[in-house]
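Here's the structure, in structure tokens; my notes come after.
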Amino acid sequence: MFENLSEKLQRAFKNLRGQGTMTEENIQEALREIRVALLEADVNLNVVKDLIDHIREKAIGQEVMTALSPTEQVIKIVHDELVTLLGKDTARFQFASRPPTVILMAGLQGSGKTTTSGKLAAWLQKGGHRPMLVSVDVYRPAAREQLRVVAQSIKANIYQGDTKGEPAGTPLVERLAKEARREAVITGCDTLIVDTAGRLHIDSDLMDEMAKLKALLSPQEILFVADAMTGQDAVRSAEEFHRRLALTGIVLTKMDGDARGGAALSIRHVTGQPVKFIGMGEKPDAFEPFHPDRIVGRILGHGDIMSLMERAEEKLDRKKSEEFARKALSGDGFSLEDFRDQLRQIKKLGSLQSIMKMLPSVGPFAGMQQMADQVDEKQFTRVEAIINSMTQKERNHHEIISGSRRKRIANGSGTTVQEVNQLLRQYAQMRKMFKGMGKGGMMQRRAMGMLGGMKGMGR
Amino acid sequence: MIQTLFGSLNEAQEPQKKGFFDRMKQAVSRTRESLGERIEGVIALTREVDEAALEDLEMSLIASDIGVTTAAEIIERLRDRGKRQGIRNGAELKDLLREHLKQILDEQQRPVAKVAAPPEVIMMVGVNGTGKTTTSGKLAAWYRAQAKTVLMCAADTFRAAAIEQLEVWGERSGVEIVRTKQGGDPSAVLFDALQAAKSRHNDVLIVDTAGRLHTKNSLMAELDKMRRTTQRIIPDAPHEVLLVMDATTGQNGLQQARLFTESAGVTGIVLTKLDGTAKGGIAIAIARELKLPVRFVGVGEKIEDILPFDSGAFVDSLLGN
Numbered sequence: 001m002f003e004n005l006s007e008k009l010q011r012a013f014k015n016l017r018g019q020g021t022m023t024e025e026n027i028q029e030a031l032r033e034i035r036v037a038l039l040e041a042d043v044n045l046n047v048v049k050d051l052i053d054h055i056r057e058k059a060i061g062q063e064v065m066t067a068l069s070p071t072e073q074v075i076k077i078v079h080d081e082l083v084t085l086l087g088k089d090t091a092r093f094q095f096a097s098r099p100p101t102v103i104l105m106a107g108l109q110g111s112g113k114t115t116t117s118g119k120l121a122a123w124l125q126k127g128g129h130r131p132m133l134v135s136v137d138v139y140r141p142a143a144r145e146q147l148r149v150v151a152q153s154i155k156a157n158i159y160q161g162d163t164k165g166e167p168a169g170t171p172l173v174e175r176l177a178k179e180a181r182r183e184a185v186i187t188g189c190d191t192l193i194v195d196t197a198g199r200l201h202i203d204s205d206l207m208d209e210m211a212k213l214k215a216l217l218s219p220q221e222i223l224f225v226a227d228a229m230t231g232q233d234a235v236r237s238a239e240e241f242h243r244r245l246a247l248t249g250i251v252l253t254k255m256d257g258d259a260r261g262g263a264a265l266s267i268r269h270v271t272g273q274p275v276k277f278i279g280m281g282e283k284p285d286a287f288e289p290f291h292p293d294r295i296v297g298r299i300l301g302h303g304d305i306m307s308l309m310e311r312a313e314e315k316l317d318r319k320k321s322e323e324f325a326r327k328a329l330s331g332d333g334f335s336l337e338d339f340r341d342q343l344r345q346i347k348k349l350g351s352l353q354s355i356m357k358m359l360p361s362v363g364p365f366a367g368m369q370q371m372a373d374q375v376d377e378k379q380f381t382r383v384e385a386i387i388n389s390m391t392q393k394e395r396n397h398h399e400i401i402s403g404s405r406r407k408r409i410a411n412g413s414g415t416t417v418q419e420v421n422q423l424l425r426q427y428a429q430m431r432k433m434f435k436g437m438g439k440g441g442m443m444q445r446r447a448m449g450m451l452g453g454m455k456g457m458g459r
Numbered sequence: 460m461i462q463t464l465f466g467s468l469n470e471a472q473e474p475q476k477k478g479f480f481d482r483m484k485q486a487v488s489r490t491r492e493s494l495g496e497r498i499e500g501v502i503a504l505t506r507e508v509d510e511a512a513l514e515d516l517e518m519s520l521i522a523s524d525i526g527v528t529t530a531a532e533i534i535e536r537l538r539d540r541g542k543r544q545g546i547r548n549g550a551e552l553k554d555l556l557r558e559h560l561k562q563i564l565d566e567q568q569r570p571v572a573k574v575a576a577p578p579e580v581i582m583m584v585g586v587n588g589t590g591k592t593t594t595s596g597k598l599a600a601w602y603r604a605q606a607k608t609v610l611m612c613a614a615d616t617f618r619a620a621a622i623e624q625l626e627v628w629g630e631r632s633g634v635e636i637v638r639t640k641q642g643g644d645p646s647a648v649l650f651d652a653l654q655a656a657k658s659r660h661n662d663v664l665i666v667d668t669a670g671r672l673h674t675k676n677s678l679m680a681e682l683d684k685m686r687r688t689t690q691r692i693i694p695d696a697p698h699e700v701l702l703v704m705d706a707t708t709g710q711n712g713l714q715q716a717r718l719f720t721e722s723a724g725v726t727g728i729v730l731t732k733l734d735g736t737a738k739g740g741i742a743i744a745i746a747r748e749l750k751l752p753v754r755f756v757g758v759g760e761k762i763e764d765i766l767p768f769d770s771g772a773f774v775d776s777l778l779g780n
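As given, the protein sequences belong to chains U and E, one line each in that order.
The numbering of the first sequence is my numbering, which starts it at 1 and goes up by one.
The numbering of the second sequence is my numbering, which starts it at 460 and goes up by one.
As structure tokens, then:
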């Protein structure tokens, strides 16, 4: 598995502490780690080179702050740099002054144009629009049938048309497109989504066809649909599509997998066009406007910890959390009382599943995202009930909880002695784990202070 | 907490944006060069093969999706060789590179599993949109051309019109299809297909499965179940589990190969869409790290656009020969 960039940087920076400023020499290793992380995330090689130059410029001469570790300082620079690169544009859509607004979907084979067309239609419907779908993919077997089934499932209008035995080719494609637009006008649909055949950017005949379609329909939006798993080649296809069609936006699909999605950076910068949407699954509503910080977190291996931290900041009692962290890491350890407080705080953040899904897929939390689906939320309630059934004294001095007390607690909380035993065992383990954690990084420590209680409870 | 870690997002600076943007664009346009062109560049520039040449070469390998680790290892070997015997010039460097790449691939090539009694069961697996259905269709025709009797199983009961798509391929190759309705149980239709192939004494059964991301545990468990269903009826099957991978795939390909192997027992790779500008460098990383051979390559949308893998030709195309 990939190592989290923060962890790598920590290693690279172990000598930097105690030095006044960052210099060419002392950040050399860190820059190398950043470069590798970006390349492993499939960011284009030349984009990486320029990014590194830029990051070097910004980092050199910076004072090593006391509040932040050098790692955090550099991560912040990298993070800001990537967010700037991706831009802040979200899903703003061009609508035609005279309907229908035409949206042309373009991309390589298998990038997810048909699925995305359906999702886009569903998204527009939700926003009060009346979209019409049409497939002009007369080449791939059953492609038009696929869009028909998709349209049916979301109850969207579709122009089916009739190929009338006409051979597959540009004339047929143009006829279907023209008819569909007329149909949209007649039936009062305000948007027309045109799903096209997947094509290679070097297939000049099919690229010509795309240009003809554009001339015929004068679309307001030409969206380039790209697979999040694409590697270094992303720039080549995106650049050529952009050169021929002047794209207006990008849709990044299959983002529900574990691809880092560095291609987003590459495509964004070869076209200069914003990523407008991301596809997050196969269901029609698995479609979201794009947030640059989210993908930056992924590229850096931070999961969506940003949003999680934001939520934590908003909902948690900071003083209590810090108090807990201090106690947990010190010699005394935390009490069951403290533990219950933490549980209650975590509950405020939302379901355990949703929290675990926001954790990074790497580093100390590796595997937690995958575990999310197996978590039994009721466990949480049961644990709290058990602690509730203890006396104040028991909560603060767990060692006094004898066999008979355990029986009483089990009865009081509607659980069994085994469950009480299990909780006490896990509590003891956690206490030990926290005490040994003093050496961990700041972020790890904080996140664990907040979330550490969950680890033993998933089963 | 957030401030101390990343700073607030709203503070991201605006002013320099434009200049940076333009520089980026310029940078990226350089990548239009193929690995071959890049290597030619490296070679032309260097009478003598020095450290700088090797570093340039490493970058070129990374630019073809071979991956940081694998590229570093290949360069290390070349560097070693340079130290021991010297590398006279660019041409020799290129030959050595070609040899190394080919060797990584050849080490994994092994004879196809023996089939005790027909049918030979071939399962096609992979993430969404890599070309499983198209490859199934082409493969059916390829086996037919070798005078084998073939049956196909439409086990992608999830994606809209996947069954219809495979049916068209069946018509084109003159191969029958065992199917169910969309939304049906893939293991059930597989069971029927296995029974049918057995009783009809077909030589080959090609099973087209639904695309799935390797991170979806329940869908991966479904593949495992299909494999067990197969084993119940034909103990030594599936004989081949082919992971269909798009040649444009980046470093995520390794993770795909790893997790599909865990759940579905992948025996080989089919690299599709090699008629584009991506040359499938990830296959080198997969061969090296996961010991999986490439079995076939897809080079177009026509029925005959499938070829058994040839490591020499593949490396030549990767190097732009």
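Every residue, glycine too, gets a C-beta built ideally from N, C-alpha and C.
Isoleucine 622/E and glutamine 641/E do touch by the CB rule: their CB atoms are close to 6 Å apart, below 8 Å.
Under a criterion of Cβ atoms nearer than 9 Å, no residue of chain U is adjacent to leucine 730/E; the nearest Cβ is some 13 Å distant.
By the rule that beta-carbons nearer than 8 Å mark a contact, glycine 643/E does not touch chain U. Listed along the chain, the chain E residues whose CB falls inside 9 Å of the CB of arginine 431/U amount to none; the nearest CB is some 23 Å away. Beta-bridge analysis with DSSP links serine 135/U to Asp195/U. Pairing arginine 182/U with aspartate 208/U, the inter-Cα distance amounts to about 23 Å. Counting only Cβ-Cβ distances below 8 Å, aspartate 137/U has no contacts in chain E at all, with the closest Cβ about 11 Å away. Segment contact: the segment 221-241 of chain U against the segment 110-124 of chain U, three or more CB-CB distances shorter than 8 Å; contact assigned.
Contact annotation: isoleucine 193/U and proline 131/U have beta-carbon atoms nearer than 8 Å. Under the three-state reduction of DSSP output, leucine 777/E falls in the helix class.
Using a Cβ-Cβ cut-off of 9 Å, serine 722/E is close to nothing in chain U; its nearest Cβ partner there is about 13 Å away.
The beta carbon of lysine 319/U does not come within 8 Å of any beta carbon belonging to chain E, so the residue lies off that interface. For the 8 Å CB-CB criterion, methionine 582/E and valine 700/E form a contact. Collapsing the DSSP output to three states places aspartate 332/U in coil.
Residues of the segment 515-543 of chain E with a C-beta atom less than 8 Å from some C-beta of chain U are Met518, Ile521, Ala522, Ser523, Asp524, Gly526, Val527, listed in chain order. Looking at the backbone, the Cα of threonine 230/U and that of isoleucine 278/U are separated by about 14 Å. Following the DSSP letters along the chain, one finds glutamate 209/U inside the alpha helix (DSSP H) bounded by residues 204-217. Excluding five sequence positions before and after isoleucine 299/U, the CB atoms of its chain that fall closer than 6 Å to its own CB belong to Ala41, Arg260, Gly262, given in chain order. The C-beta distance from histidine 129/U to threonine 191/U rounds to 6 Å, short enough to meet the 8 Å contact threshold. Counted as a single uninterrupted DSSP element, the stretch harbouring lysine 276/U is not any alpha helix (DSSP H) but the beta strand (DSSP E) occupying residues 275-279. Membership of alanine 106/U in the beta strand (DSSP E) is indicated by the continuous run 101-106.
Note that the C-beta distance between glutamine 62/U and methionine 22/U is below 8 Å. In the three-state DSSP reduction, glycine 61/U falls in the coil class, being neither helix nor strand.
For a Cβ distance threshold of 7 Å, residue set Gly588 of chain E lies close to serine 111/U, ordered along the chain.
By a beta-carbon distance limit of 8 Å, isoleucine 387/U does not contact leucine 424/U. Their separation comes to about 10 Å. For arginine 754/E, the enclosing beta strand (DSSP E) stretches over residues 753-757. For chain U, the residues of the segment 741-755 of chain E that bring a beta carbon within less than 7 Å of one of its beta carbons are Ile741, in chain order. Selection Phe617/E, Leu718/E, Ala604/E evaluated against glycine 643/E yields Phe617/E as nearest (Cα-Cα).
Contact between the segment 337-346 of chain U and the segment 73-84 of chain U is not established, with fewer than three Cβ pairs separated by less than 8 Å. Straight-line spacing of the CA atoms in glycine 169/U and histidine 673/E works out to 36 Å.
For serine 677/E, same chain residues with a beta-carbon under 6 Å away, outside a window of 5 residues either side, do not exist. Going by DSSP, isoleucine 186/U is part of the alpha helix (DSSP H) stretching over 170-186. From the beta-carbon of glycine 161/U, no residue of chain E is found nearer than 9 Å; the closest lies around 16 Å away.
Assignment of threonine 639/E by DSSP, reduced to helix, strand and coil, places it in the coil class. With a 10 Å radius around the Cβ and a threshold of 16 neighbouring Cβ atoms, aspartate 285/U comes out exposed.
Distance from the Cα of isoleucine 693/E is smallest, within the candidate group Leu766/E, Ile745/E, Ala576/E, Val527/E, for Ala576/E.
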